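**Student:** Numbering (the working numbering), first residue to last: 166 to 452. Just so you know, even glycine gets a beta-carbon here, dropped at the ideal spot from N, CA and C. Since this is a predicted model, take the numbers as computed values, not measurements. Below is one structure. I have some questions about it.
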Amino acid sequence: MRADDLQIDWLKCFVAVVDAGSLSAAAPEVSRSQSAVSMQLQKLERAVGRPLLLRGPRRLELTPDGQALLGYARRLLDLHAEARAALRPDTLMGRVHLGVPDDYAARYLTPVLKRFAARHAAVEIELDCEQSTRLIPRVARGELDLALVSRDHAQRGSLLFHEPLVWVGSPQFDVWRRDPLPIAVYEDSSLARKHALTTLSLQGRRHRVVYHSSSLAGQIAAVESGLAVAVLTQCSAPPHLHVLGPEHGLGPLAPMAVAAYRSRASRGSPAVDALHRVLVQTLRQAV
């Protein structure tokens with residue numbers, strides 16, 4: 166092998182570091198130590214003959230050459246995974262009906278699906294995005310094989326992590342100063358709604374519900390328009406909205422316990438087994 170050949174392992178480490186933002190976060194993704202990942206990147210840069218990554222103030226940043234290589238690296242890794250899947254005699258096949266709330270989908274589902282697709286490209290995934298209060302009974306009835314949900318009790322599914330809840334308001338409107346406080350809430354059974362109302366009651370702060378919506382987009386629209394403040398999961402709070410706290414007269418909120426909840430009907434399905442395993446491993450490592 167020529168010294169300037171681009172080895173697959175080097176490219177895997179390079180892409181993992183770019184996606185994770187740091188060597189330490191990328192190491193579990195490629196099943197290597199942080200020092201081993203660093204060594205792989207050094208080998209890649211020597212083969213290319215140019216620096217690919219620079220350490221920025223908050224995370225690693227791509228050089229122009231690194232940016233140019235990234236697209237080729239992703240295509241090579243995709244083709245490599247496709248070739249392995251095509252030649253593997255025991256290729257996993259099947260369908261998984263997966264559920265996830267809107268606010269968790271972009272932040273948490275993307276790395277799971279990328280990791281799963283690289284290993285099991287022949288498995289078909291059908292995705293439903295709904296609130297946890299709707300997903301949980303659907304899993305219990307066997308309509309969904311697997312769901313990422315906010316736990317409604319301590320025994321629900323496999324605990325993955327705790328997601329903070331935050332008060333948010335528009336920087337253009339001092340809605341938090343109003344008395345009573347106007348709030349936007351999810352449906353009656355929503356845990357985020359219950360946490361918000363409980364916190365306000367314990368504070369003795371007067372409030373009134375002025376907006377109901379079961380969708381994340383609806384909650385954000387109510388806040389952006391100056392209609393109300395709202396409670397969102399931290400991962401879904403847009404950066405252009407202000408996070409409000411004690412200085413705004415709003416008390417702390419209990420976090421959401423996020424779990425992987427699987428239906429009994431899916432037991433024994435190799436495809437569901439595989440996705441459940443990747444979901445748990447990826448999110449417990451990353452969060």
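Classify residue 316 as helix, strand or coil using the three-state DSSP reduction.
**Tutor:** coil
**Student:** Taking the runs of the alpha helix (DSSP H) that are 4 residues or longer, which of them lie wholly in the segment 417–452?
**Tutor:** Entirely contained in the segment 417–452, the alpha helix (DSSP H) runs reaching 4 residues are, in chain order, 435–451.
**Student:** According to DSSP, residue 349 sits in a beta bridge with which residue or residues?
**Tutor:** 376 and 395
**Student:** Could you check whether residue 218 and residue 206 sit closer than 8 angstroms to each other, using their CB atoms as the reference points?
**Tutor:** yes
**Student:** CB-CB under 6 angstroms to residue 427, same chain, minus the five flanking residues each way: which ones, in chain order?
**Tutor:** 311 and 441
**Student:** If you draw a straight line from the alpha carbon of residue 129 to that of residue 409, how long is it in whole angstroms?
**Tutor:** Here the chain covers residues 166 to 452 and nothing more, so residue 129 does not appear.
**Student:** What are the partner residues of residue 202, as DSSP defines its beta bridges?
**Tutor:** DSSP, once it has assigned bridges, lists no residue as partnering residue 202.
**Student:** Could you say if the segment 329–340 and the segment 391–406 meet the contact criterion of at least three C-beta pairs nearer than 8 angstroms?
**Tutor:** yes
**Student:** For the alpha helix (DSSP H) containing residue 189, list its first residue and its last residue.
**Tutor:** 188–191
**Student:** On a CA-only basis, which of 260, 315, 274 and 320 is nearest residue 308? Give me that one, please.
**Tutor:** Minimum Cα distance to residue 308 is reached at 260.
**Student:** Where do the N-terminal and C-terminal ends of the beta strand (DSSP E) with residue 220 fall, by residue?
**Tutor:** 218–220
**Student:** Assuming the contact rule is C-beta atoms closer than 8 angstroms, residue 327 and residue 445 should be a hit. Round their C-beta distance to whole Å, please.
**Tutor:** That belief does not hold up - the Cβ atoms of residue 327 and residue 445 are roughly 15 angstroms apart, past 8 angstroms.
**Student:** Helix, strand or coil for residue 308 per DSSP?
**Tutor:** coil
**Student:** Check whether the segment 263–277 and the segment 291–301 touch, using three or more Cβ-Cβ pairs below 8 angstroms as the test.
**Tutor:** yes
**Student:** Please state the DSSP three-state secondary structure of residue 174.
**Tutor:** Residue state, collapsed to three classes: helix.
**Student:** Is the beta carbon of residue 350 closer than 8 angstroms to that of residue 399?
**Tutor:** Their beta carbons are not under 8 angstroms apart, which means residue 399 does not touch residue 350 by this criterion.
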